[in-house]
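In our numbering, the protein residues as written are 3 to 429. Cβ atoms here follow ideal geometry from the backbone N, Cα and C, with glycine treated the same way. Below is one structure, written out as structure tokens; comments come after it.
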Ligand SMILES: C[S@@+](CC[C@H](N)C(=O)[O-])C[C@H]1O[C@@H](n2cnc3c(N)ncnc32)[C@H](O)[C@@H]1O
């Protein structure tokens, strides 16, 4: 029987390659002592899936015949352990993968012998296996959607070589960033310079689970923190967070504007309930409403000094943290861009005079950010760009005189997730 960690990895790979679904957030998994093995193995299989499959194919009797997913998963997991996880014994890497091949739900029993033979042969020279896998082209590990996302990240000027460097950088599993909510910075966390409250795990320090559970802090990527470090002198008393769950940015807004009245919207009932609970645990006074933000804004009759739309998006900027992104279909982009525009139009109508609207997505794709910005400039002459971020956080061409209204940190020099956002104020 394979260990819980390996079963978790196999289930996750079936979810991605069988169902086209996403892997749950790896930082939240509770897999006991084997959590590190599960994270490392899942990351390796997802990040090197194309090369692992390409290595297997010529060794099959009939390479052009389809191979069941259960076999591909068992082989990929076994090979990844043999090639890149030296702490795993030959015995564990081979036998547990053979057991997986024999599993009724996760394997394909008729291929148990094939999995056994291929892995035993590979285990005879693990260094040679690693070298053969590394020699295959890294581009096998991504599809056209990823090439497009990388190109968009580096636009407008990029050469092929830079795209490969960015891809290589995104293959390194990220370390999580944290945001201090209250109290002292716990041991093992180090402040990030120039970003107040932003912390990073020191090399080798344990994951600060107890501190997170006590609401002393939260996991929050540094891009989100930099986005919410906008400059704003004008008083902010009424805030709307239009797409709020799981509540990271709502929390940061509440910390930044302690006297303000905050309304947080979330369309999905379960996520809204969870959001309410999280904010209560953190001791924050926020009104949570479960609603479609565009519909709610159209009828709410209120106006706001600050509206944040942290819109649902393709998530292309989260490729480093979610390596399965490279293998997903991404066929709902038209629906997402339509929703993003609907949210923007509805929010623009609810800005108080002088009010600030911040729109953001964790995506590099121009149609999810830059294109909306241009559309809004045409459609809403009553809104003007608000330069609220340091120019260094913007796309170089838009830097202006020290501040920018277009947030798009450069993917080669910025360690946070890929993000783009813009800010406008109402005249
Ligand atoms: C990018 S996430 C927001 C992350 C959040 N701001 C944070 O920092 O923790 C987008 C959220 O918007 C929600 N959402 C999607 N469509 C929505 C809509 N029409 N109205 C309100 N919320 C929506 C999603 O369920 C998801 O929870």
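| Item | Value |
| --- | --- |
| Beta-carbon gap between residue 70 and residue 19 smaller than 7 angstroms | no |
| Contact set, ligand 1 heavy atom to C-beta under 7 angstroms | 226, 243, 244, 245, 246, 247, 248, 249, 250, 251, 252, 267, 268, 269, 270, 273, 293, 294, 295, 296, 312, 313, 314, 315, 341, 345, 364 |
| Euclidean distance between Cα positions of residue 51 and residue 12 | 13 angstroms |
| Residue range of the alpha helix (DSSP H) that includes residue 19 | 6–21 |
| Residue 80, buried or exposed, once every other Cβ within 10 Å from all chains shown has been counted against 16 | buried |
| Residue 177 - DSSP class collapsed to helix/strand/coil | coil |
| Range covered by the beta strand (DSSP E) that runs through residue 425 | 422–428 |
| Contact with chain C by residue 35, beta-carbon distance below 7 angstroms | The displayed structure is made up of one protein chain only, and chain C is not part of it. |
| Unbroken alpha helix (DSSP H) run spanning residue 166, endpoints | 162–172 |
| C-beta contact flag for residue 117 and residue 76 at 7 angstroms | yes |
| Nearest candidate by alpha-carbon position, reference residue 226, set 133, 179, 203, 303 | 179 |
| Start-to-end residues for the beta strand (DSSP E) that takes in residue 202 | 200–203 |
| CB of residue 345 within 7 angstroms of CB of residue 388, strictly | no |
| Endpoints, the beta strand (DSSP E) within which residue 289 is located | 289–292 |
| Per-residue DSSP class, three states only, for residue 391 | strand |
| Residue 396 - DSSP class collapsed to helix/strand/coil | strand |
| Cα-Cα separation, residue 193 to residue 215 | 20 angstroms |
| As assigned by DSSP and simplified to three states, the class of residue 144 | coil |
| Same chain only: Cβ atoms within 8 angstroms of residue 234, ignoring 5 sequence neighbours per side | 308, 358, 390 |
| Nearest candidate by alpha-carbon position, reference residue 349, set 72, 210, 245, 145 | 245 |
| Contact between the segment 296–311 and the segment 237–251 (3+ Cβ pairs under 8 angstroms) | yes |
| DSSP three-state assignment for residue 273, whether helix, strand or coil | helix |
| Range of the contiguous alpha helix (DSSP H) that encloses residue 381 | 372–381 |
| Cβ neighbour criterion (16 or more within 10 Å) applied to residue 325 | buried |
| Candidates 354, 343, 352, of which the one nearest residue 372 by Cα | 343 |
| Backbone secondary structure at residue 240 - three-state DSSP | strand |
| Residue of 124, 188, 153, 427 minimising C-alpha distance to residue 356 | 427 |
| Contact check, residue 46 vs residue 14, beta carbons under 7 angstroms | no |
| The segment 260–269 contacting the segment 184–203, beta-carbon criterion three pairs below 8 angstroms | no |
| Beta-carbon gap between residue 425 and residue 410 smaller than 7 angstroms | no |
| Helix, strand or coil at residue 263 according to DSSP, with G and I counted as helix | strand |
| First and last residue of the uninterrupted alpha helix (DSSP H) at residue 210 | Careful: residue 210 lies outside any alpha helix (DSSP H) and carries neither H nor E. |
| Cβ pair count under 8 angstroms reaching 3, the segment 314–323 against the segment 364–381 | yes |
| Residue environment, residue 85, which counts as buried when at least 16 other CB atoms sit within 10 Å | buried |
| Residues of its chain near residue 431, where Cβ-Cβ distance is below 8 angstroms and the 5 sequence neighbours each way are ignored | Residue coverage of the chain in this structure runs from 3 to 429, which leaves residue 431 outside it and unanswerable. |
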